[in-house]
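Comments concern the structure below.
2 protein chains.
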Amino acid sequence: MQPRSLRIDGRTELIAHLGYPTHSFKAPLIYNPYFADAGINALVVPMACRAEDFAAVLRSFFRLENARGALITMPHKVSVVSLLDEASAAVKVAGACNAVKRLPDGRLVGDQFDGAGFVRGVQRKGFEVHGASALVVGSGGVGSAISAALAGAGIGMLALFDVNAASATGLAERLRTHYPQVQVTTGSNDPSGHDLVVNATPLGMEPGDPLPVDVSRLDPRTFAGEVVMRSEMTPFLQAAAARGCGVQVGTDMLFEMIPPYLEFFGLPATTPENLRSLARLDG
Amino acid sequence: MQPRSLRIDGRTELIAHLGYPTHSFKAPLIYNPYFADAGINALVVPMACRAEDFAAVLRSFFRLENARGALITMPHKVSVVSLLDEASAAVKVAGACNAVKRLPDGRLVGDQFDGAGFVRGVQRKGFEVHGASALVVGSGGVGSAISAALAGAGIGMLALFDVNAASATGLAERLRTHYPQVQVTTGSNDPSGHDLVVNATPLGMEPGDPLPVDVSRLDPRTFAGEVVMRSEMTPFLQAAAARGCGVQVGTDMLFEMIPPYLEFFGLPATTPENLRSLARLDG
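Protein chains in written order, with this note's numbering: chain H, 112 to 394; chain L, 112 to 394.
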């Protein structure tokens, strides 16, 4: 079926999608076909914004009257937090923000649902978060978000690893403050013994990237999740699946997180299934 | 025929369409269906930018790596000139700029083709510009552009009128400097005796606007042209047509000017007819 096409006009509201580089952006390929299908006059606009320009670009974007909101991705997810007038609890815990909107009085409010999207996805696949043990590799914006969402969903133990050790220990401290019941450790990316192993690094974006963990130590009963969306089955997920692990691809997290983002922007939401059926990720 | 739909992705290049208000914007409805049909991965994005924010918005937009260019409309057509590093002759004469692009070294270059679009349109309808007499009502950006293009095309006499008299006399001075062979007068909006009468004011945008000239003094042999695009046959054009005048609607100018704008942005151009057949102005 030929998809309904967007009609961009002088009343179209904009959601800036700010990141760098932009080439692997998926959100425009999901939100915009949904907006077209649902007759919502809004548009996700990819904007290739370097780190040094981000503050000025974000502020001037929100001076536009038809700025409905902004989706924030690498490398701005953490730096955006200092530009907010108000941040949700999820942003404060994760130290990262993926969505910004402007209140009627002009203040900028940030929230993030990446972690929630990841957790909704693994739960939908039958993974029992409560009391489980997880290794999250990568303590940047998305790793922090997933860790915070796992903690909020009742995970028992969290092992954090980042090539920048201070990044992992900083996240561990924030988690211990807000979720004292979770046992948090840092310093090892050994996947053995965990119920869930998450790649929250960019490894897998480029051909020839090393794997985020030693997959020979993955137990078949371990569930493997991924944030990289360049390909569905990244080398990490391929290796995990070859060992018999259940897997969650990056786009599962993406489709699961979009309904709460739509609600945040004040737009009509829909199901992840409908979003997936309309998305044009194939081109 | 179902139009081909835009596929906005991480490689889409942006043309910001900056103005305020945006509700009557037509360019997105013309460029974007053409880009979709021709498989050009570019997007005209309407941005509702107030005058006081324009400089910051323009500068930060051009910090984006996927900024291909900007279309500039009311109320920024004149103020943008002072933000350019380089301006075409047309911009210098008209004192107004409608298109900006970034050179590889980062400098911003401006040009404008609105006036050229208007003149191409009336010539295509058989109007002989050379040696004719024209009244141009409105000496802002578009009125200046049309006046300069008419002068460049060999018009004999130009009568300029603006409710802000200084605006008209300023334009007259610039025209006399660059086109000393054209007889330029100011101070009257009496349409009688002219071969061409142009509404280059916003009158006709809002219901109940007064007419730009006393149409009872329009001669049937006079050709009437319009820049307002809210409706095809504005009250001014309706009155002119009722008196037997030939007319050019605002969108004719629009379709004629787009091919040179596409060339300016370094994108594949096409014919005004093809642009009109693809445009989605009806919705």
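Where is the CB? At the ideal position from N, CA and C, for every residue including glycine.
{"query": "Residue burial classification, H:GLY242 (beta-carbon count within 10 angstroms, cutoff 16)", "result": "exposed"}
{"query": "Residue interval of the alpha helix (DSSP H) (run including H:VAL253)", "result": "252 to 263"}
{"query": "Same chain, Cβ closer than 6 Å to L:PRO379, neighbours up to 5 away in sequence not counted", "result": "none"}
{"query": "C-beta atoms of H:SER250 and H:ASP273 nearer than 7 Å", "result": "yes"}
{"query": "Min CB distance L:GLU317 to chain H below 7 Å", "result": "no"}
{"query": "Entirely enclosed beta strand (DSSP E) segments - the stretch 128 to 192 of chain L, minimum 3 residues", "result": "153 to 159, 178 to 183"}
{"query": "Backbone CA spacing between L:GLU337 and L:ARG118 [nearest angstrom]", "result": "34 Å"}
{"query": "Close-in-space but distant-in-sequence residues of the same chain around H:VAL233 (CB under 8 Å, 5 per side omitted)", "result": "VAL240, LEU307, PHE334, GLY336, GLN359"}
{"query": "Short CB-CB distance (under 7 Å) between L:ARG341 and chain H", "result": "no"}
{"query": "Identity of the residue in L:ASN275, L:ALA245, L:GLY121, L:VAL230 nearest H:VAL156 by Cα", "result": "L:GLY121"}
{"query": "Which listed residue (L:PRO318, L:LEU269, L:LEU286, L:ALA277) has its alpha carbon closest to that of L:PRO302", "result": "L:LEU269"}
{"query": "Neighbourhood of L:PRO179 by C-beta, 8 Å cutoff - its chain only, sequence neighbours within 5 removed", "result": "The amino acid occupying residue 179 of chain L in the given sequence is Arg; Pro does not appear at that position. Closer than 8 Å at the Cβ level, and outside the excluded window around L:ARG179, lie GLU124, LEU125, ILE126, ALA153, LYS212, PHE376, GLY377, LEU378."}
{"query": "Cβ of L:GLU124 within 7 Å of any chain H Cβ", "result": "no"}
{"query": "Contact with chain B by L:PHE136, beta-carbon distance below 7 Å", "result": "Looking for chain B here will not work: the only protein chains present are H and L."}
{"query": "Within-7 Å CB hit, H:ALA181 to chain L", "result": "no"}
{"query": "L:PHE347 vs L:PRO383 beta-carbon contact at 7 Å", "result": "no"}
{"query": "DSSP state of L:ARG213 mapped onto helix, strand, coil", "result": "strand"}
{"query": "Against chain L: residues of the stretch 154 to 174 of chain H by CB proximity under 8 Å", "result": "LEU154, VAL155, VAL156, PRO157, MET158, ALA159, CYS160, ARG161, ASP164, ALA167, VAL168, ARG170, SER171, PHE172, ARG174"}
{"query": "Neighbour flag for H:GLY121 against chain L, beta carbons, 7 Å", "result": "yes"}
{"query": "Residues near H:GLU374 in its chain [Cβ-Cβ closer than 6 Å; skip 5 each side]", "result": "ALA380"}
{"query": "Reduced DSSP secondary structure (H/G/I, E/B, other) of H:GLN294", "result": "strand"}
{"query": "For H:ASN275, the three-state DSSP class (helix, strand or coil)", "result": "coil"}
{"query": "Beta-bridge pairing of H:GLN359 - partner residues as DSSP gives them", "result": "H:GLY336"}
{"query": "Helix, strand or coil at H:VAL324 [DSSP, three-state]", "result": "coil"}
{"query": "Three-state class that DSSP yields for L:GLY304 in the structure shown", "result": "coil"}
{"query": "Cβ of L:PRO215 within 7 Å of any chain H Cβ", "result": "no"}
{"query": "Chain H contact for L:PRO139 (CB, 7 Å cutoff)", "result": "yes"}
{"query": "In DSSP terms, what H:GLY221 is bridged to", "result": "H:ALA198, H:VAL211"}
{"query": "Environment of L:GLY130 [buried if 16+ CB atoms lie within 10 Å]", "result": "buried"}
{"query": "Span separating the alpha-carbon of L:ASP363 from that of L:TYR142", "result": "14 Å"}
{"query": "Within chain H, the residues that L:THR133 reaches when beta carbons sit closer than 7 Å", "result": "GLY121, ASN177"}
{"query": "C-beta neighbour in chain L for H:SER388, strict 7 Å", "result": "no"}
{"query": "Cutoff 7 Å; reference H:ALA227; Cβ partners in own chain excluding five residues on either side", "result": "ALA260, MET368, PRO371"}
{"query": "Alpha helix (DSSP H) segment containing H:ALA390, residue limits", "result": "Neither: H:ALA390 is in no alpha helix (DSSP H) and is coded neither H nor E."}
{"query": "Cβ neighbour criterion (16 or more within 10 Å) applied to L:ARG231", "result": "buried"}
{"query": "Beta-carbon spacing of H:SER255, H:ALA210 below 7 Å", "result": "no"}
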